[in-house]
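Undergrad: Below is the structure I would like to discuss, written out as structure tokens.
2 protein chains.
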Amino acid sequence: MSKYVYAFEEGSKEQKPLLGGKGANLAEMSKIGLPVPEGFTVTTEACNKYYEDGKKIDEAIKAEIFENLKALEEKTGKGFGEIDNPLLVSVRSGAVISMPGMMDTVLNLGLNDETVEGLAKLTENPRFAYDAFRRFIQMFGDVVLDIPKYEFDSILERVKEKNKCENDTDLTVDHLKEIIADYKNVVRMKKRMEFPVDPKEQLMMAIDAVFGSWDNPRAIIYRKINEIPGNLGTAVNVQSMVFGNMGETSGTGVAFTRNPSTGENKLFGEFLMNAQGEDVVAGIRTPKTIDQLKEVMEPVYNEFVAIADKLENHYRDMQDIEFTIEKEKLYLLQTRTGKRTAKAAVEIAVEMVDEGHISKEEALLRIEPNQIDQLLHPTFEEASLNEAVQITKGLPASPGAAAGKIYFTSEEIVERAEKGEKVILIRTETSPEDIEGMVNAEGILTARGGMTSHAAVVARGMGKCCVAGCGEIRVDEVRGYFKIGDKVYNRGDYVSLDGNTGMVYEGLIKTQDVELSGTFGKIMEWSDEIRTLGVRTNADNPRDSRAAVKFGAEGIGLCRTEHMFFDEERINVVREMILAENVEDRKSALDRLLPFQKEDFVGIFREMGERPVTVRLLDPPLHEFLPHTDDDIKALAEEIKVDYDKLRDKVSQLKEFNPMLGHRGVRLGVTYPEIYEMQSNAIFEAVVQVVKEGINVKPEVMIPLVGFQKELEMMKEVVIASAERILKENDVEVEYLVGTMIEVPRAALTADEIAKHAQFFSFGTNDLTQMTLGFSRDDAGKFIEIYKDKEIFERDPFQSVDQTGVGKLMEIACKDGRKERSDIKLGICGEHGGDPKSIEFCHKLGLNYVSCSPYRVPIARLAAAQAKIRNK
Amino acid sequence: MSKYVYAFEEGSKEQKPLLGGKGANLAEMSKIGLPVPEGFTVTTEACNKYYEDGKKIDEAIKAEIFENLKALEEKTGKGFGEIDNPLLVSVRSGAVISMPGMMDTVLNLGLNDETVEGLAKLTENPRFAYDAFRRFIQMFGDVVLDIPKYEFDSILERVKEKNKCENDTDLTVDHLKEIIADYKNVVRMKKRMEFPVDPKEQLMMAIDAVFGSWDNPRAIIYRKINEIPGNLGTAVNVQSMVFGNMGETSGTGVAFTRNPSTGENKLFGEFLMNAQGEDVVAGIRTPKTIDQLKEVMEPVYNEFVAIADKLENHYRDMQDIEFTIEKEKLYLLQTRTGKRTAKAAVEIAVEMVDEGHISKEEALLRIEPNQIDQLLHPTFEEASLNEAVQITKGLPASPGAAAGKIYFTSEEIVERAEKGEKVILIRTETSPEDIEGMVNAEGILTARGGMTSHAAVVARGMGKCCVAGCGEIRVDEVRGYFKIGDKVYNRGDYVSLDGNTGMVYEGLIKTQDVELSGTFGKIMEWSDEIRTLGVRTNADNPRDSRAAVKFGAEGIGLCRTEHMFFDEERINVVREMILAENVEDRKSALDRLLPFQKEDFVGIFREMGERPVTVRLLDPPLHEFLPHTDDDIKALAEEIKVDYDKLRDKVSQLKEFNPMLGHRGVRLGVTYPEIYEMQSNAIFEAVVQVVKEGINVKPEVMIPLVGFQKELEMMKEVVIASAERILKENDVEVEYLVGTMIEVPRAALTADEIAKHAQFFSFGTNDLTQMTLGFSRDDAGKFIEIYKDKEIFERDPFQSVDQTGVGKLMEIACKDGRKERSDIKLGICGEHGGDPKSIEFCHKLGLNYVSCSPYRVPIARLAAAQAKIRNK
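Chains A and B, in that order, give the protein sequences.
With the first letter of the first sequence counted as 1, position 240 gets the number 240 in my numbering; the numbers rise by one all the way through.
With the first letter of the second sequence counted as 1, position 748 gets the number 748 in my numbering; the numbers rise by one all the way through.
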């Protein structure tokens, strides 16, 4: 027969799945001899059986509960329902993973009209006893009987008012008796039942309520948000009561063994004398800091300090402890691993290694990679932020803090930035033409677009603060202002953006910069020691390259060449190239683009030094470089002196139904080899120049969107012909690679054929996900939230690699690619390259590197180390 | 040491890869004792060696040639270059697969100034001899020396004119000598060489030229078009000359053992007396029919009839025979399997089985499935066609012949068709709103759009004649006319379209209908006996269903429900449904659509009887049902009395960047379950009605675009709830299946998970190809031709399944799907289901059925039988 109930002394911290977090830790504390009030835990298995049995508590389990209750009576010397010496208990839920939204706590269970009298006599404190009874009925009514809280509150308020009591503590025993009578009446009216007088009935009802609350809507939503499985169940802890409100020698408090905000190794917490836990939360009285306990009750303080120390050493992590003092005696009610900020997590982990408590590996596993994002972007200075006026809120599209003067066009942003102004770009939505403005702005604010809008994606790539989809603002780009309601903000006004929260503030808030050395540096150093997966960055320009190297990037995994085409000086040459009617005209335009591209590469190669740089040849469809509205076409026609009709025809001819699946990537190279030839020439002329400066660059040329081996074969020939010619002409020797993106499902499926011509594969998981799932990222916004709600997928497949589907293709590609070419270099350059779960998957696949945006490089370094540790 | 040269008597018909088609058959005829002029074959291996050696004929091979030449001299008793009794030979190329574009024939090789004299004396016919020499120089000059033909022609013409000769035969020996001298001069001027006098040199030059011609551009193009590998090489046949032009007891001719046009079992051919082969082709004299040979030279006729019979029996197929009569002696110069029309292919195959020559399996393999398409569509009566005036030409987008009055709007087409008029729909291009017009028209003509345009795809699906992309015509739909140049064709004028050729004719040409019984019926019967792969049809309405059943469809593999939504009566209700702001309004519009959908299904179920019918729930994105231009939106807003701005907002809100990968298929079902619920209700209410009429229908409900098992699980619940309720309420029992399309790569990759909820898979290879290759079908037109030219893929992946890529996904899906559910039903419903190569692939995968458009059902039946035979 299964065992469904464990006395605290029977369990241990390893039994979390069975006893829940709270129960396992109470058991552990009992085991190591700490002063924990006696009690027992009804297991999560009992909860699961409760649901299997159609929400009924099994008779055998009930019997086990009563046996443990009897043992508890013996241990405490008190009796459940015994008038002279009543046993009172608390009933608390305790899931494996702590979960707000479930029924939490009922205190003082076991009281009724008779035992309350006994308690009054025993404690010689009738006021305390009746107040405890009053609290019990209220909690029980609220959480077990599901009677709205305000029903009780209004009675309390009425009696207080009637008797001119300002605080609860002013209530007399008679007042409390009146309240209790009224409370019982509420139960009678609302639930058509008498408030249960039998303590055992009270107990079983409370346990039933805890089990039932596992499946209440709030709990279900919480589990969904936090990806907690629904079949874990909750345990119930029944514990004999101790009272922090038995006068001035009693109290209650909460403390962290270290500072959860800064990580400082110093007790951090607060307490209240003559109070129960709920009073601390209620905030009517101001608690004292834990240090002050020394002044109030030094022996208890010393005992607590010793226990806190013991607990931290025992658990080998910072603890969050609840305690109660009953008549100068200290009791521990809970301990758990304390939540902490990223900064504290880093500090504590490093310090605990230094103190010899934990290994480097353990330290690394304790830091949530996504959390350290907070440390990598500028933040607002707290003092300055406290005075700020929030004016609206959008989506926190890209983290960081930015403050500056607002402007509404890319041109003006560039102009002002060049004069040294700090500027914020505001647009209804951004498009590729805004790139230069985005580069030069401190931050970006858009009125439309979601977390995957152009502004959001590009800003994240740049590590630039962005608040997107700020629905309340109306932007007038032409006149240069935005409005919120009737309030107008004009060009040149100051605005501040918080990309972590989506908040938008008036005026200029001071920002503070990132600190990458010290303990954070140590975490990175350890990560690098341990991980075997390389970490590169996606960077398209020298500025991003520099930032990425600072963040520890070991190379560039994706350098997109098309962003370079949008530069003001070049875009019209690009357009001439597109409008060319024959190869000669196209080549002549390309000849004029070559110096620009070369210059770009020289800058990037210089920044990256001897680190490998993967350059992707042109990828987007050509129509992305042309205007689309009639007005824009007209303007361009005039500007570049082309016939309007001809230009419009070309635009309409290039228009595509599904540009994502259209004439782009290697398909451009196959149809216009001269474009890829020019780009190869630019790359290798830049290589020659930088090598002659003494830097042994490592270029890797990447062909995008390959689906057929022949495409790659043809383009590889173009690249190699260009490389060999230029290197030979300049008498320069350089090792270079030619490879391909794996982003078309067919490429993954025929990886053996593709690998014949590819020295490396780089998984372009953005497009690979779009095609494998048949989800256009630009359009999926319309249903993806519904898909998450309905749990059709666990995680957004654009944020974390869909391991079952896309992952299977990646496995096939790795296996077949290696079969054909055993030393093939494998990497990933989709946005997933910065996602810790995806990084672990890449580690398991045995990729050589992940590549992500500069600001995610440290996250990836940590995640790669964790993946290595977890998969030893 | 390899043997590179074979005397005819050394070879046999099985040695085609080595001796080429012509050589192997000459050898075979020699072997079975037929009168073939002596000769030998230089093998294809010699050709390949020629290329390996950098276009040089190996000395050893040369020696082998001369040995065989010597043997030939002995056999014929003539000498090469021997003045008194010169051996003359023909040199002919002979590839494994006959291939125009290669060097073909040089006759009379061996002549020079001396041997021509000898020939003159020997034949006592100087005119014949000098004419032979003249012809030789001209042919040699043209095909070996690559001198343009007109250079020789102009000399011949000049001499004829100067001497007032009307025909070549009027030329005297002196004239011919003058011509010969001038011809030699041409060679001297053009090639800076003397015309070679040494017969051995002539021979080696000719062999070299044949080998060289294997790689000329025309040959390369021909091989590409016909998918002939480039490494087969060609053989060269050297054969002693016989002369059909040695006076009135000589002659030459060509005959088929059966009629290649009708298949009739009767010699069919023609001959000319006193002529060489080229004279028959030149068409200056009118040849006589082969029957007439009996009158001219009965013994030879009888011998020829006997030989033709023997050859057909020997080769067990209809033969195409070339012969020459030299002074009453019959020689055979070639036999090969005769090309034939679809009609003849069918007739001959069936008759040869009846005659006991071949087995049913052999008969089936002899019919090219794609060719029988000709037999399945109406054609023009030949007499009527001969008088017709062609006015323009477009793309042959969908086969068949159609004639009728022209109209320019769907509405008018419907109106006129209802009055019984035969009508042709003419549009600049068609869109989904034209469906009803297309259904009611005899044929469709569009000015724009390619072979995969809307008009083309839909028309092929309907088996309706369509000429698309007819660039010369300018259509004015509003005023109701089209123009070609200045010529105007008004509404109501007659026009005829040939969908097989793309020709457009003025006036009404009589058409003739399809004959499915008789020998064609026999082929189908045998196919059905043999094949194991089922053949279903894609049909969306009772009319197509009826046609498909007539063609032998065993069920419907794809019934699209969205085409039904475009009907005039319904489209605005559909739009109301789309514009609904809440579930109630949407449901109310859906309630009004239900009777229409039910009625559709009732009609289809009645036609299909007890055959399974797979109904696909709504697939296209909702914006397809809304207008897109401002004007159309305005018009609709007025029509359905909706606020213009609201409508425009909705249109713009539904707009997608990549609709192919957008909010469609099961994603609609997940977000608006009420749509799928209505469709399920309509299906099962129709089922109930038709079952009560006594037909045991077999519905199969198919969920499109599934990528995640949960999507299918949820929608399956909706369908089953609807089915169970309706069947129970009506006390009807019916077996039904619920399954899914496999068209998203992820579905194929996770087929085991999907199969948990799917009773059948149907491969939607159109979308599966688009997503696996990352090719938008609507956009790929811009580069797909270039891809074919550059041989990036062998076949258009939208016409024939890309077996390496898409096929691999299909294999994975079949394997994993069966692993999870061993009795899962597997089918294909993409357009590939009608492509013979893809059908063979499906057979090998072990699919249960293919589904294709009604008019391709017979093709699929034959192809399925062939697949079975080939893969025994």
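Where a beta carbon is used, it is the ideal one built from N, C-alpha and C, also for glycine.
None of these values were measured; they are calculated from a predicted model.
Quick one: Cα of B:Glu581 to Cα of B:Val670, how far?
TA: Numbered from its first residue, the second sequence carries residue 581 of chain B at position 581. Numbered from its first residue, the second sequence carries residue 670 of chain B at position 670. Spanning the two alpha carbons is a distance of roughly 17 Å.
Undergrad: Check the C-beta distance from A:Asn259 over to A:Phe271 and give it rounded, since I have them as a contact under 8 Å.
TA: As a working note, residue 259 of chain A is residue 259 in the first sequence. As a working note, residue 271 of chain A is residue 271 in the first sequence. About 17 Å separates the two Cβ atoms, so there is no contact after all.
Undergrad: Would you check if there are 3 or more beta carbon pairs closer than 8 Å linking the segment 63-81 of chain A to the segment 30-42 of chain A?
TA: Verdict: yes, contact present.
Undergrad: Going by C-alpha distance, which of A:Asp528, A:Phe708, A:Phe520 is nearest B:Tyr787?
TA: Walking along the second sequence from the start, residue 787 of chain B turns up at place 787. It is A:Phe708.
Undergrad: Rounded to whole angstroms, how far is the Cβ of A:Ala865 from the Cβ of A:Ile824, which I believe are closer than 8 Å?
TA: Translated into the one-based positions of the first sequence, residue 865 of chain A becomes position 865. Translated into the one-based positions of the first sequence, residue 824 of chain A becomes position 824. A:Ala865 to A:Ile824, Cβ: 24 Å. No contact.
Undergrad: From A:Asn490 to B:Arg570, what does the alpha carbon distance come to, in whole angstroms?
TA: The residue you call residue 490 of chain A lines up with position 490 of the first sequence. The residue you call residue 570 of chain B lines up with position 570 of the second sequence. Taking the straight line joining both Cα atoms gives about 51 Å.
Undergrad: Can you give the Cα-Cα distance for A:Leu712 and A:Phe625, rounded to whole angstroms?
TA: As a working note, residue 712 of chain A is residue 712 in the first sequence. As a working note, residue 625 of chain A is residue 625 in the first sequence. Cα to Cα, the separation comes out at about 25 Å.
Undergrad: Can A:Phe798 be considered in contact with the ligand SAH, in the sense that its beta carbon sits closer than 7 Å to one or more heavy atoms?
TA: Among the ligands in the structure shown, none appear at all, so the ligand SAH cannot be discussed.
Undergrad: Report, in whole angstroms, the separation of the C-beta atoms of A:Leu119 and A:Ala129, which I expect to be a contact under 8 Å.
TA: Here residue 119 of chain A corresponds to residue number 119 of the first sequence, with the count starting at 1. Here residue 129 of chain A corresponds to residue number 129 of the first sequence, with the count starting at 1. Contact flag correct, Cβ pair sits at about 4 Å.
Undergrad: Checking contacts by CB at 8 Å: is B:Ile742 closer than that to chain A?
TA: The sequence position of residue 742 of chain B within the second sequence is 742, counting from 1. With 8 Å as the cut-off, B:Ile742 does not count as an interface residue toward chain A.
Undergrad: With the cut-off set at 8 Å, would you say B:Leu232 and B:Val91 are in Cβ contact?
TA: If you number the second sequence from 1, residue 232 of chain B lands on position 232. If you number the second sequence from 1, residue 91 of chain B lands on position 91. Contact: no.
Undergrad: Between B:Ala456 and B:Gly463, is the Cβ-Cβ spacing less than 8 Å?
TA: Residue mapping note: residue 456 of chain B aligns to position 456 of the second sequence, counting from 1. Residue mapping note: residue 463 of chain B aligns to position 463 of the second sequence, counting from 1. No, the Cβ-Cβ distance between B:Ala456 and B:Gly463 is not below 8 Å.
Undergrad: Beta carbons nearer than 8 Å to chain B: which residues of the segment 692-716 of chain A have them?
TA: Hits within the stretch, in order: Leu705, Gly707, Phe708, Lys710, Glu711, Met714.
Undergrad: How far does the beta strand (DSSP E) with B:Met702 in it extend, from its first residue to its last?
TA: Counting from 1 along the second sequence, the entry for residue 702 of chain B is found at position 702. Where B:Met702 is concerned, the enclosing beta strand (DSSP E) stretches over 698-703.
Undergrad: Taking one C-beta from the segment 247-267 of chain A and one from the segment 307-323 of chain A each time, how about it: are there three or more such pairs within less than 8 Å?
TA: Yes, the segment 247-267 of chain A touches the segment 307-323 of chain A.
Undergrad: Would you say A:Asn490 lies against chain B (beta-carbon separation less than 8 Å)?
TA: Residue numbering aside, residue 490 of chain A sits at position 490 when the first sequence is read from its first letter. With 8 Å as the cut-off, A:Asn490 does not count as an interface residue toward chain B.
Undergrad: Nearest-angstrom Cα distance between B:Ala342 and B:Pro369?
TA: As a first step, residue 342 of chain B is located in the second sequence; it is residue number 342 there, counting from the start. As a first step, residue 369 of chain B is located in the second sequence; it is residue number 369 there, counting from the start. Taking the straight line from one Cα to the other gives about 9 Å.
Undergrad: Whole angstroms are fine: how far does the CA of A:Phe8 sit from the CA of A:Ser30?
TA: Here the question's residue 30 of chain A lines up with position 30 in the first sequence. Here the question's residue 8 of chain A lines up with position 8 in the first sequence. Their backbone Cα atoms lie some 7 Å apart in a straight line.
Undergrad: With distance defined between alpha-carbon atoms, name the residue in B:His628, B:Met702, B:Ala468 nearest to B:Gly764.
TA: The residue labelled residue 764 of chain B in the question sits at position 764 within the second sequence. B:Gly764 has its Cα closest to that of B:Met702, out of B:His628, B:Met702, B:Ala468.
Undergrad: What's the C-alpha gap between B:Tyr672 and A:Asp215?
TA: By 1-based counting over the second sequence, the position of residue 672 of chain B is 672. By 1-based counting over the first sequence, the position of residue 215 of chain A is 215. About 26 Å.
Undergrad: Less than 8 Å between the C-beta atoms of A:Leu590 and A:Lys650, yes or no?
TA: For this step, residue 590 of chain A is matched to residue 590 along the first sequence. For this step, residue 650 of chain A is matched to residue 650 along the first sequence. Going by C-beta atoms, A:Leu590 is not nearer than 8 Å to A:Lys650.
Undergrad: Taking A:Lys360 as the reference, which of A:Glu328, A:Arg316, A:Gln374 has the closest Cα?
TA: Taking the first residue of the first sequence as position 1, residue 360 of chain A is located at position 360. That would be A:Arg316, whose Cα lies nearest to the Cα of A:Lys360.
Undergrad: Give the secondary structure of B:Ser545 by DSSP, where H, G and I count as helix, E and B as strand, and everything else as coil.
TA: Translated into the one-based positions of the second sequence, residue 545 of chain B becomes position 545. Looking at B:Ser545 - three-state DSSP - the assignment turns out to be helix.
Undergrad: What are the boundary residues of the alpha helix (DSSP H) that A:Tyr505 is part of?
TA: If you number the first sequence from 1, residue 505 of chain A lands on position 505. Looking at the DSSP string, A:Tyr505 is not in any alpha helix (DSSP H); the run it does join, the beta strand (DSSP E), is 503-506.
Undergrad: For A:Asn500 versus A:Pro396, is the C-beta spacing smaller than 8 Å?
TA: Looking up residue 500 of chain A in the first sequence gives position 500. Looking up residue 396 of chain A in the first sequence gives position 396. Contact: yes.
Undergrad: Output the residue ranges of the beta strand (DSSP E) runs that lie fully inside the segment 722-797 of chain B and measure 3 residues or longer, sorted by chain position.
TA: Runs of the beta strand (DSSP E) inside the segment 722-797 of chain B: 737-742, 760-763.
Undergrad: Does any residue of chain B have a CB that is nearer than 8 Å to the CB of A:Gly774?
TA: As a first step, residue 774 of chain A must be located in the first sequence, where it is residue number 774. It does; some Cβ of chain B falls within 8 Å.
Undergrad: Jot down the residue ranges of each uninterrupted beta strand (DSSP E) in the segment 380-421 of chain A, minimum 3 residues, whole runs only, in chain order.
TA: For the segment 380-421 of chain A, whole beta strand (DSSP E) runs of length 3 or above, ordered along the chain, are 390-393, 395-398, 401-407.
Undergrad: Per DSSP, B:Leu332 is paired with what?
TA: By 1-based counting over the second sequence, the position of residue 332 of chain B is 332. B:Leu332 pairs with B:Phe323.
Undergrad: Closer than 8 Å between beta carbons: that is the criterion. Which residues of the segment 768-793 of chain B meet it against chain A?
TA: So the close ones are Gln770, Met771, Thr772, Leu773, Gly774, Phe775, Ser776, Asp778, Asp779, Ala780, Lys782, Phe783, Ile786, Tyr787, Lys790, Glu791, Ile792, Phe793.
Undergrad: I need the straight-line Cα distance from B:Ile406 to B:Cys829, nearest angstrom please.
TA: What you label residue 406 of chain B is simply residue 406 of the second sequence in a count that begins at 1. What you label residue 829 of chain B is simply residue 829 of the second sequence in a count that begins at 1. Approximately 33 Å, taken between the alpha carbons.
Undergrad: Can you tell me whether A:Glu28 is buried or exposed, with buried defined as 16 or more other CB within 10 angstroms of its CB?
TA: Looking up residue 28 of chain A in the first sequence gives position 28. It is buried - the Cβ of A:Glu28 has at least 16 other Cβ atoms within 10 Å.
Undergrad: Can a CB atom of chain A be found closer than 8 Å to the CB of B:Gly764?
TA: On the second sequence, position 764 is the one that residue 764 of chain B refers to. For B:Gly764, the answer is no, since every Cβ of chain A falls outside 8 Å of its Cβ.
Undergrad: Taking buried to mean at least 16 other C-beta atoms within 10 Å of its own C-beta, is A:Glu840 buried or exposed?
TA: Taking the first residue of the first sequence as 1, we reach residue 840 of chain A at position 840. Buried, by the Cβ-count rule.
Undergrad: Measure how close the beta-carbons of A:Val549 and A:Glu610 come, nearest whole angstrom, since I'm counting them as under 8 Å.
TA: For the purposes of this step, residue 549 of chain A is taken as residue 549 along the first sequence, with counting starting at 1. For the purposes of this step, residue 610 of chain A is taken as residue 610 along the first sequence, with counting starting at 1. Between A:Glu610 and A:Val549 the Cβ distance is about 11 Å, and since that is not below 8 Å, they are no contact.
Undergrad: Can you pull the DSSP bridge partners for B:Ile367?
TA: Within the second sequence, numbered from 1, the residue matching residue 367 of chain B stands at position 367. Beta-bridge pairing links B:Ile367 to no other residue.
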